[in-house]
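J.: Attaching a single structure in structure tokens format; questions to follow.
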Amino acid sequence: MRTLVTGGAGFIGSHLVDRLLADGHTVVVIDNCSTGRLENLDHLGKPDGLTVHVADINDPGIRPLFKDVDWVFHLAALADIVPSIQMPLPYHRANVDGTVAVLESARAANVKRFVYAASSSCYGIPDTVPTPETAELRPLYPYALTKMVGEAYVLHWAQTYKLPAVALRLFNVYGPRSRTSGTYGAVFGVFLAQKLAGHPFTVVGDGRQTRDFTFVTDVADAFVTAAAHDIVGRTMNVGSGKTYSINRLIELLGGPVVHIPKRPGEPDTTFADTTRIETLLGWHAHVGLEQGVQAMLDHIDYWRAAPLWTVARIQDATSDWFKYLGNTGDGV
Ligand code: UDP
1 MRTLVTGGAG
11 FIGSHLVDRL
21 LADGHTVVVI
31 DNCSTGRLEN
41 LDHLGKPDGL
51 TVHVADINDP
61 GIRPLFKDVD
71 WVFHLAALAD
81 IVPSIQMPLP
91 YHRANVDGTV
101 AVLESARAAN
111 VKRFVYAASS
121 SCYGIPDTVP
131 TPETAELRPL
141 YPYALTKMVG
151 EAYVLHWAQT
161 YKLPAVALRL
171 FNVYGPRSRT
181 SGTYGAVFGV
191 FLAQKLAGHP
201 FTVVGDGRQT
211 RDFTFVTDVA
221 DAFVTAAAHD
231 IVGRTMNVGS
241 GKTYSINRLI
251 ELLGGPVVHI
261 PKRPGEPDTT
271 FADTTRIETL
281 LGWHAHVGLE
291 QGVQAMLDHI
301 DYWRAAPLWT
311 VARIQDATSD
321 WFKYLGNTGD
331 GV
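Position 332 of the sequence shown, counted from 1, bears residue number 332 in the numbering used here, the numbering being contiguous throughout.
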């Protein structure tokens with residue numbers, strides 16, 4: 001297949017590119033490198049099947065790149081909670097306008113499959129765990145809202161224009177090359193940089209909260225499985241099948257801890273009900289946390305470039321989080 005990956009120089013995107021090339025497909029990457037890094041593709045060398053375009057998904061100049069493409073994977077987006085609260089407009093432009101632009105290019109090119117990276121953050125603080133796709137959608141900050149609206153556009157393009165599209169709601173994806181950029185974000189980058197620097201792990205609350213940590217190669221497999229299938233217009237959870245506490249993660253990483261305050265608007269548990277994707281696509285995850293963490297520790301040097309988050313820096317970086325989400329508790 002001729003495939004196109006937006007956000008292909010990002011964390012998840014670069015693993016999807018690995019997988020597509022390994023399966024013998026050709027890959028066109030579009031990435032504006034705002035948070036993606038071309039170095040994420042360096043290990044591939046310069047394979048014949050790969051072309052990389054540093055371009056923004058809102059640039060109409062990308063349209064010709066969709067010519068003769070069979071499968072489109074749309075992963076390009078701005079991530080993270082705090083900057084989305086501080087700068088909602090760039091998030092809207094990247095995650096909503098950008099998604100509509102990619103949908104329109106895909107539609108014009110008559111692509112065979114379109115797979116969208118949706119976010120489990122749409123569930124906010126869910127009433128039910130494991131959480132099924134039918135749970136009420138309660139985005140609690142602009143990032144979650146923009147990914148949810150992007151998903152609604154994707155499903156609408158499937159309905160109205162018969163674009164053969166599906167959406168995958170990803171739960172806490174982790175693995176080698178997880179992002180190291182300047183903003184305070186996903187826990188693995190924070191903890192691995194702390195481990196390298198010999199600093200204590202900043203555990204939120206009592207560390208008994210749990211997350212459905214899903215290994216990135218399993219997620220890449222879900223994308224490829226969804227593309228190879230003919231289900232249209234459905235959204236499906238992608239999770240590990242388990243949920244793991246932060247304290248368990250600390251045990252696996254090994255090292256001293258310091259506790260920081262529980263953050264408003266954070267669920268105590270994320271845990272995907274994966275019945276739908278198992279039923280529709282026959283997909284399930286293979287990599288458990290023990291194996292996944294070991295794979296990251298084997299590549300820990302990657303996080304030498306990551307910022308070191310101390311208690312004071314986290315307090316400073318999350319002040320808008322507490323300010324704006326402070327009144328969103330359970331039952332919102
Ligand atoms: N977490 C933590 N210390 C940190 C950052 C995160 O203990 O410095 C915890 C956080 O409370 C949550 C988990 O790690 O339970 C995952 O956090 P992340 O921000 O990666 O994802 P999300 O909370 O959006 O699921």
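Note that beta-carbon positions come from the ideal geometry of N, C-alpha and C, so glycine has one too.
Source: prediction; values computed, not measured.
How many angstroms separate the CA atom of L297 from the CA atom of R313?
T.: If you take the alpha carbons of L297 and R313, they lie about 24 Å apart.
J.: In its own chain, which residues sit with a C-beta less than 6 Å from the C-beta of V28, not counting the 5 before and 5 after it?
T.: L4, T51 and L65, listed in sequence order.
J.: Just tell me which of M236, Y153, Q209 and P47 has its CA closest to the CA of L168.
T.: Among M236, Y153, Q209 and P47, the Cα nearest to that of L168 belongs to M236.
J.: So what does DSSP say about H199, is it helix, strand or coil?
T.: It is coil, neither helix nor strand.
J.: Taking three-plus beta-carbon pairs below 8 Å as touching, is the stretch 49-63 in contact with the stretch 90-103?
T.: They touch, by the three-pair rule.
J.: Give the secondary structure of F322 by DSSP, where H, G and I count as helix, E and B as strand, and everything else as coil.
T.: Looking at F322 - three-state DSSP - the assignment turns out to be helix.
J.: Should the stretch 214-228 be regarded as contacting the stretch 152-160, the criterion being three or more beta carbon pairs within less than 8 Å?
T.: Too few Cβ pairs lie closer than 8 Å, so no.
J.: Taking only three categories from DSSP, how would you classify T26?
T.: Correct three-state label for T26: strand.
J.: Helix, strand or coil: which one does DSSP assign to V82?
T.: If DSSP states are grouped into helix, strand and coil, V82 belongs with the helices.
J.: For the beta strand (DSSP E) that contains R2, what are its first and last residues?
T.: Looking at the DSSP string, the run of the beta strand (DSSP E) that includes R2 is R2 to T6.
J.: Can you find the residues in the same chain that come closer than 8 Å, C-beta to C-beta, to W309, ignoring five residues on each side of it along the sequence?
T.: These residues qualify, in order along the chain: Y184, V190, A193, Q194, T202 and A317.
J.: Closest to Y174 by C-alpha separation, out of V238, K67 and M148, would be which residue?
T.: When only C-alpha atoms are compared, the closest one is V238.
J.: Report the CB separation of D31 from A76 in whole angstroms; it is logged as a contact under 8 Å.
T.: Yes, they are in contact, since the Cβ atoms of D31 and A76 sit about 7 Å apart, within 8 Å.
J.: Alpha carbons only, please: which of A9, A306, T131 and H286 is nearest the one belonging to I197?
T.: For the sequence presented, residue 197 should be read as Ala rather than Ile. The shortest Cα separation from A197 among A9, A306, T131 and H286 belongs to A306.
J.: Classify H156 as helix, strand or coil using the three-state DSSP reduction.
T.: It is helical.
J.: Considering only residues of the same chain and omitting the five flanking positions on each side of N40, which have a CB-CB separation below 6 Å?
T.: Once the five neighbours on either side are set aside, the close Cβ partners of N40 are A9, S14 and R177.
J.: Taking DSSP as the reference, what is the three-state secondary structure of L335?
T.: There is simply no residue 335 to check, as the chain begins at 1 and stops at 332 in what is shown.
J.: The alpha helix (DSSP H) spanning N247 covers which residue range?
T.: Here the alpha helix (DSSP H) through N247 covers I246 to L253.
J.: DSSP three-state label for H286, please.
T.: Coil, per DSSP.
J.: Return yes when the C-beta of A186 is under 7 Å from any heavy atom of the ligand UDP, and no when it is not.
T.: A186: yes, Cβ under 7 Å from the ligand UDP.
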